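Numbering (the numbering used here), first residue to last: 5 to 329.
Each remark here refers to the structure printed beneath this line.
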Ligand code: UDP
């Protein structure tokens with residue numbers, strides 16, 4: 005009998021990729037998703053329970069029915085700029101939602117909780133690459149809401165009797181190499197889907213800020229392939245953590261690309277010249293976020309990024325755009 009894994013947000017971009025990987029490795033992923041942004045056709049690797057993480061009755065029933073030992077918590081709101089306009093919503097879903105889930109996990113005897121955190125917890129770090137010891141001072145409600153989730157887990161792990169793995173993802177990007185799953189293009193706010201849409205549709209692309217203190221004046225990010233992110237979860241499950249203990253990792257490649265470098269990659273892969281508009285900086289954006297301390301996750305979990313070239317990441321996203329029609 006395959007081990008059941010409870011995956012909140014399993015119908016979403018990263019969650020669905022993780023469910024696919026889990027199923028391929030003999031686990032049974034149970035998706036718990038309110039389908040606010042998830043796609044029903046992405047839930048094809050195990051059962052779906054439609055529910056909200058803030059709905060205690062629904063969560064109780066689902067955890068009672070499936071009795072998972074491991075919970076992967078992806079369900080969240082993830083748009084930095086939106087979080088500056090809708091902070092209450094972000095604190096409710098990301099912070100309160102995580103606490104509500106932790107409480108239910110305690111009641112239902114969950115042993116390992118894997119939390120999707122973010123590089124945004126570092127705010128505008130004074131060092132690059134960012135070490136795990138770099139102070140966490142977020143500069144937007146999204147980063148704060150995720151840091152609160154981390155804090156709840158730090159403080160509650162012993163009480164809940166769970167081992168906790170916290171992954172601070174840098175910029176999850178790319179799409180399933182088999183082009184069965186992928187990022188959402190419609191209404192996307194993230195860089196690579198926006199660039200691909202602009203290339204495919206011939207619409208202008210806006211660079212938010214060309215006066216950052218970086219080599220070419222545009223923001224620098226560490227783009228980590230979504231399959232590599234999923235693989236980190238599998239590695240964590242194969243190397244569990246003792247009850248009451250919390251371990252935190254940066255999940256990135258350890259190399260940064262500027263917005264202009266990503267733009268050039270998209271132009272190469274799509275063989276299209278993109279029409280540019282230079283705009284002011286976007287609210288809440290840090291100038292540079294590149295993952296450091298990657299050796300921690302290599303040494304402790306045996307994980308490393310497979311897709312280290314931006315062109316491979318962009319190519320998979322582009323192929324998904326073409327497949328998703
Ligand atoms: N960006 C941009 N134009 C866009 C979308 C994003 O210039 O249409 C920039 C954004 O300002 C940031 C970088 O691309 O510097 C990565 O943004 P994204 O939203 O992909 O990820 P974030 O790091 O904000 O989570």
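Even glycine gets a Cβ: it sits at the ideal position worked out from N, Cα and C.
For clarity, every value in this text was computed on a predicted model and none was experimentally measured.
C-alpha of residue 267 to C-alpha of residue 112: approximately 47 angstroms in a straight line. Its Cα nearest to that of residue 21, the residue 49 stands out among 40, 36 and 49.
Between residue 13 and residue 79, the gap from beta carbon to beta carbon is short of 8 angstroms. Approximately 5 angstroms separates the beta-carbon atoms of residue 77 and residue 119; this is inside 8 angstroms, confirming the contact. Using a cutoff of 7 angstroms, the CB of residue 16 does not count as near the ligand UDP, since none of the ligand's heavy atoms is closer than that. DSSP places residue 320 in the uninterrupted alpha helix (DSSP H) bounded by 314-328. For residue 89, the distance from the CB to the nearest heavy atom of the ligand UDP is not below 7 angstroms. Nearest to residue 325 by C-alpha distance, out of 248, 250 and 192, is 192. Proximity of the segment 314-324 to the segment 221-232 meets the contact definition, three or more beta-carbon pairs being nearer than 8 angstroms.
Of all C-beta pairs linking the segment 64-77 to the segment 97-111, three or more are shorter than 8 angstroms, placing the two stretches in contact. The Cβ atoms of residue 209 and residue 293 do not sit closer than 8 angstroms to each other. Cα atoms of residue 275 and residue 190: separation of roughly 21 angstroms, rounded to the nearest angstrom.
Judged by their CB atoms, residue 214 and residue 262 are not nearer to each other than the 8 angstroms cut-off. Rounded to the nearest whole angstrom, the C-alpha separation of residue 202 and residue 285 is 19 angstroms.
For residue 198, the CB falls within less than 7 angstroms of some heavy atom of the ligand UDP. Relative to the Cα of residue 180, the nearest Cα in the group 9, 283 and 328 belongs to 328. If you draw a straight line from the Cα of residue 307 to the Cα of residue 233, it comes to about 10 angstroms. Within 7 angstroms of the C-beta of residue 280 there is not a single heavy atom belonging to the ligand UDP.
In the same chain as residue 126, and ignoring 5 residues on each side of it, the C-beta atoms closer than 7 angstroms to its own belong to 134, 138, 140 and 293, in chain order. Annotated three-state conformation of residue 6 is coil, per DSSP. For residue 140, there is no enclosing alpha helix (DSSP H), since its DSSP letter is neither H nor E. The ligand UDP has no heavy atom closer than 7 angstroms to the beta-carbon of residue 201. The secondary-structure analysis by DSSP pairs residue 281 across a beta bridge with 210. Between the ligand UDP and residue 269, a heavy atom-to-CB distance of less than 7 angstroms is absent. Classified as exposed, residue 207 has fewer than 16 neighbouring CB atoms from the shown chains inside 10 Å of its CB.
In this structure, 240 is the residue among 240, 71, 24 and 269 with its C-alpha nearest to the C-alpha of residue 253. For residue 321, the closest C-alpha among the options 160, 96, 290 and 196 is that of 196.
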